[in-house]
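Colleague: In this note's numbering, the protein residues as written are 9 to 253.
A virtual CB, placed ideally from N, CA and C, is assigned to each residue, including glycine.
Dropping a structure here in structure tokens format, bear with me for questions.
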Amino acid sequence: MPDNVNPDAMRLDVLAIAAHPDDVEITCGGTLIKLAQMGRAVGVLDLTAGEMGTLGDENDRWQEASDAAKAMGLAWRGQLGLPDSAIQNDQTSRLKLARMIRDTMPELVILPHWEQRHPDHVACSQLGYDACFLAGLKKLDIEGDPHRPRKIIYASYFRNTDSSFLVDISDQFDAKCDAVRAYKSQFGNVVTAKQIFQPGIDIYELMQHRAAVLGQMANVRYAEAFTIKEPILIDDPQNMPVRSV
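Here you go:
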């Protein structure tokens, strides 16, 4: 693990949990950058090192994750050490993740949406929720003070369409792309940039198209989408942003 990817947990405001390095950059990187620019202590926990990826190896991807963390202005980045392409929502993994949640004590946790193509992403979504719950149990037999995040939101990928709200990332979109470019083994040239998702589609074109479509819905240039499982409480409906007609 590179020296500038801090292996020691710290107190965070926001923790994004993902299955692999580069997941958060693509799905919610703009929002993480925006929150960091607002002065929040933002961290990322990758459950695996991405060692099963076709391109690059474990060492490459950790250095790239370190570079991406710098580009996003993260306060902390860690890795849980679960096996790539074999993440399981079992009690051992739940307790390991719950310990990290106690160590970082985030108020907001961002998880991948539960509707996913990759089984690791599906497992990460449920594992993350369960660990957040367990971390708050006083009698749970792990180290650290009980802590349960106040809010969990789910970052949209490319399959789900049930977004609850959008975040304007117009001013952060270029920095988001810079963070993705840090993964040179995956997206470092025209050939590799078109191999990871849909064959023949450039990852940067895909991100721009997705962000622009979401942005158009809210009358901004670029946006990222999130889903929540509970209602949104509004104090003043008259001042809700985004016009209806």
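Could you spell out the range, first to last residue, of the beta strand (DSSP E) harbouring Glu232?
Modeller: 231-235
Colleague: For Leu148, which three-state DSSP category applies?
Modeller: coil
Colleague: Give the DSSP-derived three-state secondary structure of Leu82 in the structure shown.
Modeller: coil
Colleague: Should Ala24 and Cys132 be called a contact, given that it needs their Cβ atoms to be closer than 8 angstroms?
Modeller: no
Colleague: Note the first and the last residue of the continuous beta strand (DSSP E) segment covering Tyr162.
Modeller: Element bounds for Tyr162: 159-163.
Colleague: So Ala183 and Ala76 are supposed to be a Cβ contact under 8 angstroms. How far apart are they, rounded?
Modeller: Actually they do not touch by this definition, with Cβ atoms about 11 angstroms apart.
Colleague: Which two residues bound the contiguous beta strand (DSSP E) that contains Ala26?
Modeller: 22-26
Colleague: By how many angstroms is the C-alpha of Thr39 removed from the C-alpha of Ala190?
Modeller: Taking the straight line from one Cα to the other gives about 17 angstroms.
Colleague: Name the two residues that bound the continuous beta strand (DSSP E) containing Leu53.
Modeller: Where Leu53 is concerned, the enclosing beta strand (DSSP E) stretches over 50-54.
Colleague: Would you say Ile120 and Pro157 are within 8 angstroms of each other, going by their C-beta atoms?
Modeller: Before going on, a small fix: residue 120 reads as Pro here, not Ile. No. Outside cutoff.
Colleague: Check whether the region 96-106 and the region 64-73 are in contact - that is, three or more C-beta pairs closer than 8 angstroms.
Modeller: no
Colleague: Out of Ala226, Phe173, Lys192, state which residue places its alpha-carbon closest to the alpha-carbon of Glu3.
Modeller: With the chain covering only 9 through 253, there is no way to say anything about residue 3.
Colleague: Please classify Phe181: does DSSP put it in a helix, a strand, or coil?
Modeller: In the structure shown, Phe181 sits in a helix (DSSP, three-state: H, G or I).
Colleague: In the DSSP assignment, what are the bridge partners of Leu119?
Modeller: Tyr162
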